[in-house]
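Trainee:
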Amino acid sequence: MPKKNDPEFVAAMEDILDVYERPYNPYCPVVCMDEKPYQLLGDVRDPLPMRPGNDAIIDSEYQRNGTCSIFAFVEPLGGKHHASVREHRTAEDWAEEIQYLVDVMYPDVEKIVLVMDNLNTHKTASLYKILSPDEARRIIKKLEIHYTPKHGSWLDIAEIELNVMTRQCLSRRIPNIDLLKTELSAWENERNSNKATVDWQFRTSDARIKLKSLYPVL
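Under this note's numbering, the residue at position 189 of the sequence shown is numbered 169, and the numbers go up by one with no gaps.
1. Using a Cβ distance threshold of 8 Å, determine whether the segment 131 to 149 contacts the segment 107 to 117, with at least three qualifying pairs required.
2. Based on Cα-Cα distance, which residue from Pro87, His62, Ser185 and Met96 lies nearest to Lys121?
3. Across which residues does DSSP place Met96 in a beta bridge pair?
4. Out of Val(-1), Pro(-13) and Gln148, which one is the CA nearest neighbour of His126?
5. Return helix, strand or coil for Lys91, following the three-state DSSP convention.
6. Three-state secondary structure (DSSP) at Ala176?
7. What distance in whole Å lies between the Cβ atoms of Pro196 and Asn(-15), which are believed to be in contact at a cut-off of 8 Å?
8. Pick from Tyr80, Leu57 and Pro29: whose alpha carbon is nearest that of Phe51?
9. Alpha carbon to alpha carbon, how far is Leu94 from Ala176? Give it in angstroms, no decimals.
10. Is the beta carbon of Gln181 sitting closer than 8 Å to the one on Trp167?
11. Tell me which residue opens and which closes the alpha helix (DSSP H) that Ala105 is part of.
12. In chain order, what residues of the same chain lie with their CB nearer than 8 Å to the CB of Ile157, ignoring the 5 residues before and after it?
13. With a 10 Å radius around its C-beta and 16 neighbouring C-beta atoms as the bar for buried, classify His102 as buried or exposed.
14. Going by DSSP, which residues form a beta bridge with Asp14?
15. Pick out whichever of Tyr7, Leu194 and Leu159 has its Cα sitting closest to the Cα of Gly132.
16. When the Cα of Pro56 is compared with those of Glu124, Asn5 and Lys91, which residue comes out closest?
17. Identify, in the order they occur along the chain, each residue of the same chain with its Cβ nearer than 7 Å to the Cβ of Pro155, setting aside the five sequence neighbours on each side.
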């Protein structure tokens, strides 16, 4: 949590909480995005398979196969999910993911309300690095962007999505990007089939009580 008496944090937090209180609108969906690095790990020795009464036995020694980046998008009230894997987490990677969000995931909506953290690559300027000015501007006009405050990543519902993803899919060794993509695709399909939604309960009224120390004393 940030220091006490932090009006900058409070202003950004209440903006995000107001977004989460909006009623569901399929023509103006609220979508949260986040990304995380992932370490690709392989086994040095083949695991011993499960047997009746015994779990599989995995050797503690492992092989590092580099890192990659996982991007996650979740529409909390609509139950729509998307995960992708990229070798890097550059501005160009983010811009391509946003282009996919607008043109493939939500091509027919009026506006996408996008919640994300204020990482230096998460800027509309990044779109101009991969698209013509006309195309970049077209995508920007489809977005209503809300940034979580510094030290407030817990306000991004996509962070919850990444935690669920880690528990259900990533808490094991995956040696290469191709297998990681396959596993995440299966996980994404299951999440979408179940229309898994997120019922966010923390409201501005709660914040003004439980996080009172962050508010300036008037």
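A virtual CB, placed ideally from N, CA and C, is assigned to each residue, including glycine.
Mentor: So, to answer that:
1. With the cut-off at 8 Å, the segment 131 to 149 and the segment 107 to 117 do not touch.
2. Comparing alpha-carbon positions, the option among Pro87, His62, Ser185 and Met96 lying closest to Lys121 turns out to be Pro87.
3. Per DSSP, Tyr127.
4. The shortest C-alpha separation from His126 is found at Val(-1).
5. Coil at Lys91, not helix or strand.
6. Looking at Ala176 - three-state DSSP - the assignment turns out to be coil, as it is neither helix nor strand.
7. Asn(-15) to Pro196, Cβ: 5 Å. Contact.
8. The option with the nearest alpha carbon to Phe51 is Tyr80.
9. Going by the C-alpha atoms only, they are around 19 Å apart.
10. Their beta carbons are not under 8 Å apart, which means Gln181 does not touch Trp167 by this criterion.
11. That residue, Ala105, is in no alpha helix (DSSP H); it is neither H nor E in DSSP.
12. Within its own chain, the residues whose Cβ lies closer than 8 Å to the Cβ of Ile157, once the five positions on either side in sequence are excluded, are Leu20, Cys48, Val65 and Glu67, listed in chain order.
13. Burial call: buried.
14. Here Asp14 is bridged, per DSSP, to Ala52.
15. Of the residues Tyr7, Leu194 and Leu159, the one whose Cα lies closest to the Cα of Gly132 is Leu194.
16. Nearest C-alpha to Pro56: Asn5.
17. Counting only Cβ-Cβ distances below 7 Å, and skipping sequence neighbours, we find Leu20, Leu21, Gly22 and Asn45.
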